[in-house]
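Taking the working numbering, the leading residue of the sequence shown gets 131, the next gets one more, and so forth. The structure appears right after this line, and notes come after that.
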Amino acid sequence: MQHDASVAPDSSASGRLIYLMGPSGSGKDSLIEAARATLEQHNVMVARRVITRSAEAKGEDAVGVSGERFEQLCAEGAFALHWRANGLAYGIPEQIDGWLKQGRAVLVNGSRAHLPEARQRYPDLLPVLLAVEPQVLRQRLLARGRESLEDIEQRLARSQQLSVMDDGVHVLDNSGRLDDAVARLLDLLRDQGVVVSP
Numbered sequence: 131m132q133h134d135a136s137v138a139p140d141s142s143a144s145g146r147l148i149y150l151m152g153p154s155g156s157g158k159d160s161l162i163e164a165a166r167a168t169l170e171q172h173n174v175m176v177a178r179r180v181i182t183r184s185a186e187a188k189g190e191d192a193v194g195v196s197g198e199r200f201e202q203l204c205a206e207g208a209f210a211l212h213w214r215a216n217g218l219a220y221g222i223p224e225q226i227d228g229w230l231k232q233g234r235a236v237l238v239n240g241s242r243a244h245l246p247e248a249r250q251r252y253p254d255l256l257p258v259l260l261a262v263e264p265q266v267l268r269q270r271l272l273a274r275g276r277e278s279l280e281d282i283e284q285r286l287a288r289s290q291q292l293s294v295m296d297d298g299v300h301v302l303d304n305s306g307r308l309d310d311a312v313a314r315l316l317d318l319l320r321d322q323g324v325v326v327s328p
C-alpha cells in the first residue's frame, strides 16, 4: 500500500508531534535518552528512527537497514516521514500516527531541512531546535569518531546553511551541561501544555 506523506493524519487526533532538530553532534540522542524516563512518565512516546546505517555503528538507538530495504519500506508506506541527509536515508515509522490518534504526544528526531514537509503533514507540530556553539560542535564530532575529517567539515558547513530558522522554532542551547538542556526541554513542553506538572 502506498503512503501519501502529503496527507495530514486525522484532524481529530489530540496528540502533538514534538519535532526535535539540530546538527549532527548537537546532542539530540543524548538529550532524548536523558529525558526519556521523564517523558514516558508524562505519556510522551519517543519514536525510533530507521536509518541506512549499520546497526553496529555508534550513535542513536535506531533501526539500521540497507538502502534497498529502506526503499522497500518507503514503497510499503512504512514511514510517516522520511528524508535524506549526509548521504543517509532516515525514516520515522508510521506507528506515530497511531500514538497521536490515541492522544499521546510523540517526540521524533527530525531534520531541519525536512521541517517544511513535516509541518505540511503535522500542522500543529512543536518545532524544537537544539543549538550548539560551533567550536563545541566541532569538538563533539571529532570525539565521536564516526566520520572522516572531510565528512565533519561537510556537516559543519551544512549546519551553518541550516542555522537560520523562522520565529516559530523554539531554540534550546546544548553547549553546556546536558542536565540543563533536559530541564529547558521539559520547561518548554510544560509551557506548551504538552506535559503537565504534578
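The beta-carbon is built from N, C-alpha and C at its ideal position, and this holds for glycine as well.
A straight line joining the alpha-carbon of Gln225 with that of Asp303 spans about 30 Å. Going by C-alpha positions, Glu206 is about 42 Å away from Gly306. For Gly221, the uninterrupted beta strand (DSSP E) run begins and ends at Leu218 to Pro223, by DSSP.
In this structure Gly233 is exposed. Its beta-carbon is surrounded by fewer than 16 other beta-carbon atoms within 10 angstroms. Residue nearest to His172 within the set Glu198, Gly145, Glu247 and Lys158 is Gly145 (criterion: CA-CA distance). In the DSSP secondary-structure assignment, Tyr252 is not bridged to any residue. Look at the beta carbons and you see the region 150-162 touching the region 246-261: at least three pairs across the two are nearer than 8 Å. DSSP lists Val258 as the beta-bridge partner residues of His300.
About 6 Å separates the CB atoms of Ala210 and Asp227; that is less than 8 Å, so the two are in contact.
Ala210: member of the beta strand (DSSP E) spanning Phe209 to Ala215, first to last residue.
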